[in-house]
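My numbering puts the first residue of the sequence shown at 333, with every later residue one more than the last. Input: a single structure, listed below in structure tokens.
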Amino acid sequence: MTEPAAPTPPPGCPAHRSPAPLYGPRFQTDPGQVYRELRAAHGPVAPVELAGGVPAWLVIGYRELQLVTSQPKLFGRDSSRWNAWSTIAADWPLLPMMTPVPSILYTEGTEHQRRSAAITDGLSSVDPYELKKYCEQVADRLIDEFAGRGEADLVAEYAHRMPLLVLCWMLGLDGAQVPTLIRALLDMLDGGAGAQQGAERLLAVMLELVEAKRAAPGADITSRLLVHPAALSEDEVMRDLRVLLIAGHQPTAYWIANALRLMLTDERFAASLSGGRRSVGQALTEALWEDTPTQNFAGRWATRDTRLGGRQIAAGDLLLLGFAGANSDPAVRQANGEAAEGNHAHLSFSHGEHRCPFPAQEAAEVIAATAIEVLLDRLPDLRLAVAEHALVWRPSPWVRALVALPVGFTPATTTTGGAFG
333 MTEPAAPTPP PGCPAHRSPA PLYGPRFQTD PGQVYRELRA AHGPVAPVEL
383 AGGVPAWLVI GYRELQLVTS QPKLFGRDSS RWNAWSTIAA DWPLLPMMTP
433 VPSILYTEGT EHQRRSAAIT DGLSSVDPYE LKKYCEQVAD RLIDEFAGRG
483 EADLVAEYAH RMPLLVLCWM LGLDGAQVPT LIRALLDMLD GGAGAQQGAE
533 RLLAVMLELV EAKRAAPGAD ITSRLLVHPA ALSEDEVMRD LRVLLIAGHQ
583 PTAYWIANAL RLMLTDERFA ASLSGGRRSV GQALTEALWE DTPTQNFAGR
633 WATRDTRLGG RQIAAGDLLL LGFAGANSDP AVRQANGEAA EGNHAHLSFS
683 HGEHRCPFPA QEAAEVIAAT AIEVLLDRLP DLRLAVAEHA LVWRPSPWVR
733 ALVALPVGFT PATTTTGGAF G
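What follows is the structure in structure tokens.
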């Protein structure tokens, strides 16, 4: 059966003239428009270009993305099969997201199942009631640091720090390392000159953590991984913890910030700031559909020549998982282009055997929901301090993330008097 041809592009569509760059001011400001143009010009699988002129396929079809992530024998996770390695410079800024390292990210088959089971068990060991209680404590103490000022940047002072402090508690890390970890995470995910150094700093912190927990175990995920029946080596634990830290922090931090931006700028949520119409849960779900934190992910590599979405894919080609593009696929939207109320079928947590583990999804939702609920309870007249169009997005091909979210509010009293590092 022959696949249907890609749709005819509209006249003058810039995405049709050449592979669309997933970088630069246009993509940074309005990636949604880039995805729409790519879909019109190329259909569900579009040729794109990463920084440095590196080619890739961006999968923005909902059905096609499900297919790619559910057929590991055809679209593998091991990046060593990439057919472009001979052209990649040693200082390419996106290298940390592509280099095949012995972590859970690049494992396949039974090896992936072994390591994934250990991570899932480790996450499942976290008591949900203790997690909720600790999240509330973290939220209160962070808010105490700026409540009396009447103004704050909810990205740097709250959304970045909240999930990382909770993750430090879950992993057994010292919360005083949060500033160092945040800088390393941002350097790595922005894909700039410091990306490789950021990745190395994170690995060094994880090595210190593993050594410390081997010497003095505690009631934390790291200690449990070190004695798990999967018999992970210290190197495996170290590398998988880095994956857990990155995957747990950045998406959750920007989920919080993007949901808050929605609630502060969309009149449908205006009453929610004082306990009205639409709930925090609705804002979090809509943020995943409309501004999912992980926009694109690298990726999958074709194990042989094949066809996908009307495109000829060569063995070793890189396929980027376009979660944002797939979530906006008209095939899974209502006639008016909106996601159905209460629909949780988005692909923001990925799909298939490499999807975000369910205990991790649940923990992320607890962290994000608690962060917003406590904030709105403490500062009920929260308001955006700048015009919406003045908000700036990070220059990353991977995440949809605000640089800052400045707000104003009536100064409030503190509750705990404490402060985090």
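Where a beta carbon is used, it is the ideal one built from N, C-alpha and C, also for glycine.
Under 8 Å between C-beta atoms of residue i and residue j
i	j	result
P428	M520	yes
A656	P363	yes
R546	E566	yes
R643	V366	no
A450	A562	yes
A589	Y394	no
L474	Y461	no
A383	L426	yes
V542	V569	yes
L455	L652	no
L711	A479	yes
A692	A471	no
DSSP-derived helix/strand/coil call for residue i
i	result
E483	strand
R715	strand
A736	coil
V569	helix
R609	Only weak support exists for where R609 lies, its pLDDT of 47 falling under 50; the value from the coordinates is given anyway. Looking at R609 - three-state DSSP - the assignment turns out to be coil, as it is neither helix nor strand.
I392	coil
G364	helix
G741	The question names Gly, yet the displayed sequence has Phe at residue 741. DSSP places F741 in coil when its eight states are reduced to three.
A634	strand
W424	coil
T747	coil
W501	helix
G580	helix
N- and C-terminal bounds of the alpha helix (DSSP H) containing residue i
i	result
L437	From DSSP, L437 is part of no alpha helix (DSSP H); its letter is neither H nor E.
R639	R639 -> not in any alpha helix (DSSP H); beta strand (DSSP E) instead, spanning T638 to L640.
R687	Where R687 is concerned, there is no enclosing alpha helix (DSSP H), given that its DSSP letter is neither H nor E.
I475	P460 to D476
T431	T431 -> no alpha helix (DSSP H), and no H or E assigned at all.
Enclosing beta strand (DSSP E) for residue i [first to last residue]
i	result
A833	Absent from the structure is residue 833, since the part of the chain shown begins at 333 and ends at 753.
R665	First-last for R665: undefined, no H or E at that position.
R726	Counting along the chain, R726 falls outside any beta strand (DSSP E), and DSSP gives it neither H nor E.
R643	R643 to I645
Beta bridge counterpart(s) of residue i as assigned by DSSP
i	result
A381	Looking at the sequence shown, residue 381 is not Ala but Glu. Looking at the DSSP assignment, E381 forms a beta bridge with P353 and P387.
F629	L653
G408	W633
Test: residue i CB closer than 8 Å to a CB of chain B
i	result
A352	Going by chain labels, chain B is absent from the structure shown, which holds only one protein chain.
Inter-stretch contact at 8 Å, needing at least 3 Cβ pairs: the stretch 385-401 / the stretch 618-635: Proximity of the stretch 385-401 to the stretch 618-635 meets the contact definition, three or more beta-carbon pairs being nearer than 8 Å.
Sufficient close CB pairs (3 or more, under 8 Å) joining the stretch 733-742 to the stretch 480-496: yes
Three CB pairs or more closer than 8 Å across the stretch 574-585 and the stretch 490-505: yes
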